[in-house]
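Residue numbers (my numbering), protein chains in the order written: chain A, 1 to 146; chain B, 1 to 146. The structure appears below as structure tokens.
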DNA sequence: CATAACTCCTTGAGTGCTCAAGTATCTGCT
DNA sequence: AGCAGATACTTGAGCACTCAAGGAGTTATG
């Protein structure tokens, strides 16, 4: 097995474990999954705290139906609302509520702690996260589904 | 959002896209998923080409039931067989067949190509995969499920 | 040497995603 | 105007995993 495949496998394994940590922490403290946080972060970063579902899918690397289904619990617990577009009746925006924004801020703090904790060893080693960031940027085709 | 969380998010996004590439290539050429390949690689690396299902689960970061279910198609297409342990009737080994070994070798070549391709840009940039390998090694708790 | 406690594995129910198909709406061409 | 094709979204069926519960076997303990 060559180096590149070796690294890929490690990366996948690492990610699996990593997501479990976030899930454990986030669900016990805030009752949401890591996937939920990804959705909320994306909305939080968007202009006006809202996005079309299609764009959300693209940004998250999910299918349109994945977004539809993933938003349901977030709407149910009042973190996100559905907003129609007055100019185009096909589109339904997903928008953060005021509550959603507050809760997102809290979740982000938790997630930051977890992330800091994970990378603590690396920081101690003197390594910059910048290197990893740069590397990840070189990976091609980090786009949505085909 | 701090650096560590930023990097985590990128990593997760990258992995999603990455697995899709492997899946596309592997399923069209060999009719298996990336998850299947992970199982086969693990078995291929094990002493005698066989492992207890519990150990396989641990090694792959899956639950025991995930392994039971994941092995079913591999047994059905004859890449893996179930072998009882004469000393302990509780355990059932999962063992590579001769065919399984051959097919695994072919799949590995394909996967290596995909991986090389993915990291081609990074290699051109002069970056070593070693850095990434080292970083991934510092992440704590890359073990199985709790 | 019986029985309690543990281990290995499977199964049922539930979750979260996928693809494919369907509905509703918009846009462009003639 | 009116129709063809594109776009936004939802829904049904299916797949891959999870957890919880259960069956079968092994080990330790009194």
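Cβ coordinates follow ideal geometry from the N, Cα and C atoms, glycine included. Because the structure is a prediction, the values reported are computed rather than measured.
- Task: Closer than 8 Å by beta-carbon distance: list the chain B residues that pair up with residue 19 of chain A, in chain order.
- Result: 12
- Query: Which whole-angstrom value is the C-beta distance of residue 38 of chain B and residue 60 of chain B, which I expect to be below 8 Å?
  - Reply: 6 Å
- Give a yes or no on whether 8 Å exceeds the smallest Cβ distance from residue 36 of chain A to chain B. Judged by the 8 Å Cβ criterion, residue 36 of chain A is not in contact with chain B.
- Query: Which partner residues of residue 84 of chain A appear in the DSSP bridge assignment?
  - Reply: A:92
- Beta-bridge pairing of residue 51 of chain B - partner residues as DSSP gives them: BP columns for residue 51 of chain B point to B:94.
- Task: Indicate whether at least one CB of chain B lies closer than 8 Å to the CB of residue 125 of chain A.
- Result: Proximity of residue 125 of chain A to chain B, defined by a Cβ-Cβ separation below 8 Å, is satisfied.
- Nonlocal neighbours in the same chain, by C-beta distance under 8 Å from residue 24 of chain B, ignoring five residues either side: none
- What in chain B is Cβ-close to residue 179 of chain A, meaning under 9 Å? This structure gives no information on residue 179 of chain A, because the portion of chain A shown stretches from 1 to 146.
- Query: Using 8 Å as the Cβ pair cut-off and three pairs as the minimum, do the region 63 to 70 of chain A and the region 4 to 12 of chain B touch?
  - Reply: Here the region 63 to 70 of chain A makes no contact with the region 4 to 12 of chain B; the two share fewer than three CB pairs at distances below 8 Å.
- Along chain B, which residues have their Cβ under 7 Å away from the Cβ of residue 3 of chain A? 129
- Does the Cβ-Cβ distance between residue 79 of chain B and residue 103 of chain B come in under 8 Å? Yes, the Cβ-Cβ distance between residue 79 of chain B and residue 103 of chain B is below 8 Å.
- Contacting positions in the region 44 to 63 of chain A - beta carbon closer than 7 Å to chain B: Listed by position along the chain: 61.
- Message: I'd like to know whether the C-beta atoms of residue 118 of chain B and residue 96 of chain A end up nearer to each other than 8 Å.
- Response: no
- Message: If distances are taken between C-alpha atoms only, which option among A:85, A:113 and A:52 comes closest to residue 71 of chain A?
- Response: A:52
- Query: Do you know how far the Cα of residue 26 of chain B is from the Cα of residue 11 of chain A?
  - Reply: 18 Å
- Task: Using only alpha-carbon positions, find the residue among B:136, B:124 and B:82 that is nearest to residue 125 of chain A.
- Result: Residue 125 of chain A has its Cα closest to that of B:136, out of B:136, B:124 and B:82.
- Query: Cα separation between residue 54 of chain A and residue 134 of chain A?
  - Reply: 28 Å
- Message: Quick check on residue 99 of chain A: buried or exposed, where buried means 16 or more other Cβ atoms within 10 Å of its Cβ?
- Response: Exposure of residue 99 of chain A is indicated by the presence of fewer than 16 other C-beta atoms within 10 angstroms of its C-beta.
- Task: Taking all protein chains shown into account, decide if residue 91 of chain A is buried (16 or more other Cβ within 10 angstroms of its Cβ) or exposed.
- Result: exposed
- Can you give the beta carbon distance from residue 115 of chain B to residue 8 of chain A, rounded, assuming they're within the 8 Å contact cut? 5 Å
- Message: Distance check for residue 21 of chain A and residue 111 of chain A, CA to CA, integer angstroms please.
- Response: 10 Å
- Message: Can you tell me whether residue 143 of chain A is helix, strand or coil according to DSSP?
- Response: Note on residue 143 of chain A: pLDDT 42, under 50, position unreliable in the model; the coordinate value appears next. Looking at residue 143 of chain A - three-state DSSP - the assignment turns out to be coil, as it is neither helix nor strand.
- Does residue 39 of chain B get closer than 8 Å to chain A when you measure Cβ to Cβ? no
- Message: On the DSSP letters alone, give me the boundaries of the alpha helix (DSSP H) that residue 12 of chain B sits inside.
- Response: 3 to 30
- Task: Pick out whichever of B:40, B:77, B:105 and B:13 has its Cα sitting closest to the Cα of residue 35 of chain A.
- Result: B:13
- Query: Whose Cβ in chain B lies nearer than 8 Å to the Cβ of residue 108 of chain A?
  - Reply: 1 and 5
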